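Keeping their order, the protein sequence lines are chains E and V. If you read the first sequence in the numbering used here, its first letter stands for residue 1, the second for the next number, and so on. If you read the second sequence in the numbering used here, its first letter stands for residue 1001, the second for the next number, and so on. Backbone N, C-alpha and C define an ideal beta-carbon position, used for all residues, glycine too. All values derive from a computational prediction rather than experimental measurement.
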Amino acid sequence: MERASQPVKLRRVHDWLWEIPREGAMRVPGRVYSDGPPAPDDPALRQVANVAHLPGIVKYSLAMPDMHWGYGFPIGGVAAVDLDGGAVSPGGVGYDINCGVRVVTTGVDAAAVRARRHEVAAELYRSIPAGVGASSAIPRLSHQEMDEVLRNGARWAVGRGYAASGSDLAHCEEEGRLAGADPDAVSDRARERGADQLGTLGSGNHFLEVDEVAEVYDETLARAFGLRAGDAALQIHSGSRGLGYQVCDEALAGLASSLGRYGPDYAALPDPQLACAPVSSEAGQRYLGAMQAAANFAWANRQVMTGLAVRSLCRSLSVSERELSAAVLYDVCHNVAKVEEHEVDGERRPLLVHRKGATRAFGPGDPRVPEAYREVGQPVLIPGDMGRYSYVLAGTAGAMEETFGSSCHGAGRVLSRHQALKAARGRSLHRELLERGIEVISRGKKTLGEEMSEAYKDVSRVVGVVERAGLSRRVARLEPIGVVKG
Amino acid sequence: MRYCLPQPYQELSHTADVGLETRGDSPEETLARLVLGLAALLSGGGPVPWVGERALLASAEGADLAQTAIAALREVLFRFAVRREIPCACEVRRLAPGGADLLVGFGHYRPEIHGEGVDVKAVTYHGARFEPEGAGWRARVYLDI
């Protein structure tokens, strides 16, 4: 894998936290949460330092322990900027706007799912289109319907009957809808890319997974989250599909070639992928309106898939919806920028928090956490890889103090797709997983190779770092029974 | 000059995604190979029978050559995303900072022969290069997949 030529200086703060001292035009230091010292030539570290150049950035350019090399921002990056004088960076959100994950609990015994795991995975695969350009899960949206989706997010889908239970919306970050969405800021091209993609999974690291709640670490928190050891649960990981890609693409294209328009600080940014505009500028506001609309599209997408998946599980398990007793535990964004109030230098200030491959992790008592979870902190959902496990965590006061209420978002890749395919050569990953009790269905063999377990860090180590650092608390571990990959 | 699939290109490793690098005797040849390199990734190396051709105009005001090349690839990718068109031939008629005119021959994506193709989300600006190298030219882009 290609590495950065210039190693980055690192200073140990704790065993789990490393600082990149401020130098050159960096406005703040970088801080990297890591299981041991990061490799100084990891290109992602240079990207942490690059993000520290953003106009208006406050406190630190942060990276979570699942950090890896991205574009502009590292994956796992968090940056908060002042609303007044700060910059919004489309690259700090990424192409897959509001890529995120939700966990749906069920009242069904995991053993019953395991006994019919092939039927369960196959029925999910039939019900929810996956893979390159997946489309037509539901009828193509008209212009007016698209406006409603972009404005109302998950609420639109619930209104059309795509739901697990009556509490779905209350159990989504922001109730599945960002109010600042501006459908008029979403171009015809973006609409065209998304018009027939609502309710589709996509490809790459997106997945549907039926899990067993394998272990509960904290009974009180698990009870509050509706998790019971031995029950089956569903995970859905997807985003805003082609619509979101196009929104980001167009915003970057508009900014990348004219960085100097907003002054020398913007012209001097070390990577054109960091192209940004003042939050208050016309371009900044237009992007924020379009980005929030795309985020709503992503929530609607996961909500439609939830409805389709619930019906699919009922069919494959021969149970009624009442017997399945499905309910959205929570739905979190991984790629988003949101205005949030945080404490900086002893003062509460509104900030624009970019999370690029990071999860909001608000702690107990925060009024922005759904009422059902307010006493214990918001659920933080951390998918691992298809062969091992995933975690449900809870947000903490520590995250509010140190990371603008943020935590990791997954395992983080360690092998490039090429390296993974090389490692998979000559192996039958499907059979290997089957022997471990996991039924996997994917559109192509290549995806299975690229997404093999060894391509990812062991997510338990990533979760161990955020727990030691006080950014989140472990609640339960989920283990896969059936997986659908694009 | 018209270039047809397959053309030489190199895939560059990136932790989660993929880079694409091409070389040519001229900027036009180098860009044509970038377009066809992207096509090879989208098609998974499967054959792309000719269906028709389309003139593409890539406009990127104020951009350098690298950003202009990205603008051209963005046009190709958009047509793949909404019409499932994959280039099988490319002629770069004009290439200058800020704009390019291309004539692209295309076929259609067919899952049964292009199923191992890469689902490219976007062409990024990260690490993009389009520059002279010795007597020829070299271009590099990273794709978000």
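Per DSSP, W299 (chain E) is one residue of the alpha helix (DSSP H) stretching across E282 to L317.
Contact between A164 (chain E) and T306 (chain E) holds, since their C-beta atoms are separated by about 5 Å, short of 8 Å. Between the alpha carbons of V1051 (chain V) and H1108 (chain V) lies a gap of roughly 7 Å. Listed along chain E, the residues sitting closer than 9 Å to R1084 (chain V) by beta-carbon distance are G133.
The beta carbon of L421 (chain E) is closer than 8 Å to those of K446, G449 and E450 in its chain, skipping five residues each way along the sequence. With respect to the C-alpha of R322 (chain E), the residue from E:R311, E:E23 and E:Y373 having the closest C-alpha is E:R311. Bounds of the beta strand (DSSP E) holding I441 (chain E) are E439 to S442. The straight-line gap separating the alpha-carbon atoms of W1137 (chain V) and A1128 (chain V) is approximately 14 Å. By the Cβ test, the stretch 1002–1016 of chain V is in contact with the stretch 1034–1043 of chain V, since at least three Cβ pairs between them sit closer than 8 Å. Against chain V, the CB of I382 (chain E) has no partner CB under 8 Å away; the residue lies outside that interface. DSSP, reduced to helix, strand and coil, places A80 (chain E) within a strand of the structure shown. Residue range A397 to E402 is occupied by the alpha helix (DSSP H) that includes M400 (chain E). With fewer than 16 other beta carbons inside 10 angstroms of its own, H118 (chain E) counts as exposed. With a cutoff of 8 Å on beta-carbon distance, R27 (chain E) and W18 (chain E) are scored as not near each other. Counting only residues of its own chain and dropping the five nearest sequence neighbours on each side, T403 (chain E) has a CB closer than 7 Å to the CB of L62, V78 and L471. In the three-state DSSP reduction, P1027 (chain V) falls in the helix class (H, G or I). Around the beta carbon of V339 (chain E), fewer than 16 other beta carbons sit within 10 angstroms, so the residue counts as exposed.
Beyond the five residues adjoining it in sequence on each side, G482 (chain E) comes within less than 6 Å, by CB distance, of R117, V120, A121, V210 and E439 in the same chain, given in chain order.
Distance check between E1116 (chain V) and each of E:G464, E:R473 and E:R443 places E:R443 closest, using alpha-carbon atoms only.
Excluding its 5 nearest sequence neighbours in each direction, A424 (chain E) has C-beta neighbours in its own chain below 6 Å: G449 and M452, listed in chain order. Contact annotation: E467 (chain E) and Y389 (chain E) have beta-carbon atoms that are not nearer than 8 Å. Contact between A80 (chain E) and V369 (chain E) is absent: CB atoms are separated by about 19 Å, not below the 8 Å threshold. Just measuring C-alpha positions, the residue of E:S316, E:W299, E:G133 and E:A277 sitting nearest V158 (chain E) is E:W299. Under the three-state reduction of DSSP output, S203 (chain E) falls in the coil class, being neither helix nor strand.
Q6 (chain E) has a beta carbon lying at 8 Å or more from every beta carbon in chain V. As DSSP reads the structure, S1013 (chain V) sits in a beta bridge with V:V1018.
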